[in-house]
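Heads up, the thing below is written out as structure tokens.
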Amino acid sequence: MKQKIIIAIAIVLFACGSAMSQTGTDDNSLFYDSHFHLTNYVQKGPTLKEFVELMGDKVGRSTVFGIPVQQQWSWMNSGEDAPRYYLDTDAPLYYYSFTDAYIADQYYELTDEDKKRFEPMITGFNPADMYAAEHIKRVLLTFPGVFSGIGEFSIHKEFVSSKIAGEVASLRNPALDTILSTAGEIGLVVILHNDISKPYPKAHTQSYLKEVWDLFKKHPEATTIWAHCGLGRVVAPVKDQVQFMVDMLDDPSLSHVYFDLSWDEVAKYIVSSDEAVAKVADMINKHPDRFLFGTDEVGPTDQEKYLKVYNMYEPLWKALDSSTREKVLKGNFATLFDAAKTKIRAWEETNKGNMF
């Protein structure tokens with residue numbers, strides 16, 4: 012019995028070492044993309060093979076996911092003017108579960124070597140549905156060996172949340188607790204979008220900070236990346252934004268929470284002044300293991316445009332220590348996702364043949 016245990020441990024260690032040798036950070040790429048949408052709000056975008064060509068040698072690895080909601084084309088609303096974005100029409104959005112099968116199919120089309128560059132994510136679930144966790148498990152068992160996490164999925168998101176048909180998602184909904192508990196149990200990385208505040212907040216409105224903080228504290232088992240540091244297109248940094256982030260980073264009960272520096276809308280705040288760059292750089296240099304960079308590009312077809320967000324952050328990259336910069340751009344991505352895959356593949360093997 013003891014010999015079998017030793018052999019099993021050796022196999023796991025070998026597998027982990029092999030994964031690290033295949034997917035570590037010893038390449039010459041600029042960054043690993045922690046936040047990338049292959050498709051848009053009407054499920055259009057390049058193929059994953061085409062995106063590999065676009066990445067070239069500039070981007071070593073990337074998450075890949077679609078948009079979890081589909082914009083309805085309501086002829087009664089816009090006639091023959093087909094919407095391509097959620098602000099193009101007053102018609103509702105609805106959850107689009109086929110996105111997960113589509114991402115898996117695109118992944119299967121890649122060569123074994125190119126597959127190593129991607130971390131597909133499950134997004135096609137309704138976070139207000141108590142059955143959402145079952146959807147996540149079914150996707151993993153239907154497409155074993157493919158997915159590394161869940162997200163980006165949204166709870167409170169400016170203009171989007173109110174357009175989605177059906178029940179509005181909430182940080183207090185037990186369905187969300189079930190989703191995060193499941194992610195923790197399986198080892199899935201979570202990318203969660205939740206605005207820090209409401210669009211154009213008034214003096215009497217409350218931010219979502221306390222609710223999201225409480226949610227994260229309830230689920231220490233779930234490795235969670237807070238997308239965009241809680242910011243949005245019109246959701247500007249709250250007063251003392253950096254300080255509340257420092258408070259979260261210093262809280263040992265939130266050591267499982269990470270922040271992604273994704274989206275040009277976030278970059279514009281960070282590089283808006285030398286003072287802003289210095290404040291953010293100081294925070295990241297003191298917590299180098301807790302930040303990841305992502306583009307948040309949606310279905311790009313041009314490399315120059317795809318690299319736009321990375322280039323926008325140039326003042327920040329220069330302000331970071333070299334070791335910190337390497338972690339933010341590549342190292343933290345590799346650490347989180349390589350560890351996650353070992354756990355997820357083990358869960359898939361254990362539950363093979365089950366259907367939730």
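Under the working numbering, think of the first position of the sequence shown as 12, with each following residue one higher.
All residues carry an ideal CB built from backbone N, CA and C; glycine is no exception.
Computed from a prediction, not measured in an experiment: that's the story for all the values here.
task = Kindly confirm or deny that the region 98-106 and the region 181-190 touch, where touching means at least three C-beta pairs closer than 8 Å.
result = Short answer: they don't touch.
Beta carbon of Lys174 nearer than 8 Å to that of Tyr52 = Along the sequence shown, one-based indexing puts residue 174 at 163. Along the sequence shown, one-based indexing puts residue 52 at 41. Contact flag unset, no.
task = Just the C-alpha distance for Val309 and Thr193, rounded to the nearest angstrom, thanks.
result = By one-based count along the sequence shown, residue 309 stands at place 298. By one-based count along the sequence shown, residue 193 stands at place 182. Cα atoms of Val309 and Thr193: separation of roughly 27 Å, rounded to the nearest angstrom.
query = Between Arg301 and the rest of its own chain, which residues show a CB-CB distance below 7 Å, the 5 nearest in sequence each way excluded?
reply = Taking the first residue of the sequence shown as 1, we reach residue 301 at position 290. Correct list, in chain order: Leu260, Tyr269, Phe270.
task = List the whole-angstrom C-beta distance separating Trp84 from Pro94, where the pair is believed to meet the contact cut-off of C-beta under 8 Å.
result = Within the sequence shown, numbered from 1, the residue matching residue 84 stands at position 73. Within the sequence shown, numbered from 1, the residue matching residue 94 stands at position 83. Contact between Trp84 and Pro94 holds: CB atoms are separated by about 6 Å, below the 8 Å threshold.
ask   = Buried or exposed: which applies to Phe170, given that a residue is buried once 16 or more other Cβ atoms fall within 10 Å of its Cβ?
value = Stepping through the sequence shown from its first residue, residue 170 is reached at position 159. Burial is judged here by how many other beta carbons sit within 10 angstroms of a residue's own beta carbon; Phe170 has fewer than 16 and is exposed.
key: Val291 beta carbon less than 8 Å from that of Leu327   = Taking the first residue of the sequence shown as position 1, residue 327 is located at position 316. Taking the first residue of the sequence shown as position 1, residue 291 is located at position 280. Their beta carbons are under 8 Å apart, which means Leu327 touches Val291 by this criterion.
key: For Val157 and Lys4, the rounded distance between their alpha carbons   = An answer regarding residue 4 cannot be provided, because it is not within the stretch 12 to 367 covered by the chain.
task = List the whole-angstrom C-beta distance separating Ala143 from Phe136, where the pair is believed to meet the contact cut-off of C-beta under 8 Å.
result = Numbered from 1 along the sequence shown, position 132 holds the residue referred to as residue 143. Numbered from 1 along the sequence shown, position 125 holds the residue referred to as residue 136. Going by Cβ atoms, the distance from Ala143 to Phe136 rounds to 4 Å, so yes, they are a contact pair.
request  = Kindly list the residues whose CB is nearer than 6 Å to the CB of Ser32, restricted to its own chain and excluding five residues on each side of it in sequence; keep chain order.
outcome  = Here residue 32 corresponds to residue number 21 of the sequence shown, with the count starting at 1. Note that Ser32 scores 37 on pLDDT, short of 50, meaning its location in the model is unreliable and no value can be drawn from it.
request  = Just the C-alpha distance for Lys363 and Leu152, rounded to the nearest angstrom, thanks.
outcome  = Numbered from 1 along the sequence shown, position 352 holds the residue referred to as residue 363. Numbered from 1 along the sequence shown, position 141 holds the residue referred to as residue 152. Looking at the two C-alpha atoms, the distance is approximately 7 Å.
ask   = Is Pro131 helix, strand or coil by DSSP?
value = The sequence position of residue 131 within the sequence shown is 120, counting from 1. In the three-state scheme derived from DSSP, where H, G and I count as helix and E and B as strand, Pro131 is classed as strand.
When Asn184, Pro138, Asn205 are compared against His167, the one with the closest alpha-carbon = The count along the sequence shown starts at 1 and reaches residue 167 at position 156. Out of Asn184, Pro138, Asn205, Asn205 has the C-alpha closest to the C-alpha of His167.
key: Segments of 4+ residues assigned as alpha helix (DSSP H) that fall wholly inside the region 93-131   = Unbroken alpha helix (DSSP H) stretches of 4 residues or longer found wholly inside the region 93-131: 109-119, 123-126, given in chain order.
query = From Ser165 to Asp275, what distance separates their C-alpha atoms?
reply = Within the sequence shown, residue 165 is the residue found at index 154, counting from 1. Within the sequence shown, residue 275 is the residue found at index 264, counting from 1. So the two alpha carbons sit approximately 18 Å from each other.
task = Classify Leu303 as helix, strand or coil using the three-state DSSP reduction.
result = Along the sequence shown, read from residue 1 onward, the residue named residue 303 stands at position 292. Here Leu303 carries a strand assignment [DSSP, helix/strand/coil].
query = Quick one: what does DSSP say Phe164 is sitting in, helix, strand or coil?
reply = Against the sequence shown, residue 164 aligns to sequence position 153. Three-state DSSP puts Phe164 in a strand.
key: Beta bridge counterpart(s) of Ile147 as assigned by DSSP   = Residue 147 sits at position 136 when you count from the first residue of the sequence shown. Its beta-bridge partners do not exist; DSSP assigns none.
ask   = Taking the alpha-carbon positions, what's the Val70 to Glu64 distance?
value = For the purposes of this step, residue 70 is taken as residue 59 along the sequence shown, with counting starting at 1. For the purposes of this step, residue 64 is taken as residue 53 along the sequence shown, with counting starting at 1. If I take the Cα positions, the gap works out to 10 Å.
ask   = Which one or two residues does DSSP pair with His48 in a beta bridge?
value = Numbered from its first residue, the sequence shown carries residue 48 at position 37. In the DSSP output, where bridge partners are listed per residue, His48 has Phe76, Val309.
query = For Ile236, which of helix, strand or coil comes out of DSSP?
reply = Along the sequence shown, one-based indexing puts residue 236 at 225. Strand.
Reduced DSSP category for Lys363 - H, G, I as helix; E, B as strand; rest coil = Stepping through the sequence shown from its first residue, residue 363 is reached at position 352. In this structure, Lys363 counts as coil in the three-state DSSP scheme.
ask   = If you draw a straight line from the C-alpha of Glu91 to the C-alpha of Leu347, how long is it?
value = Taking the sequence shown and counting its residues from 1, one reaches residue 91 at position 80. Taking the sequence shown and counting its residues from 1, one reaches residue 347 at position 336. Rounded to whole angstroms, the separation of the alpha carbons of Leu347 and Glu91 is 45 Å.
key: Spatial distance of Pro231 from Ser89 (CA atoms)   = Residue mapping note: residue 231 aligns to position 220 of the sequence shown, counting from 1. Residue mapping note: residue 89 aligns to position 78 of the sequence shown, counting from 1. Going from the Cα of Pro231 to the Cα of Ser89 covers about 45 Å.
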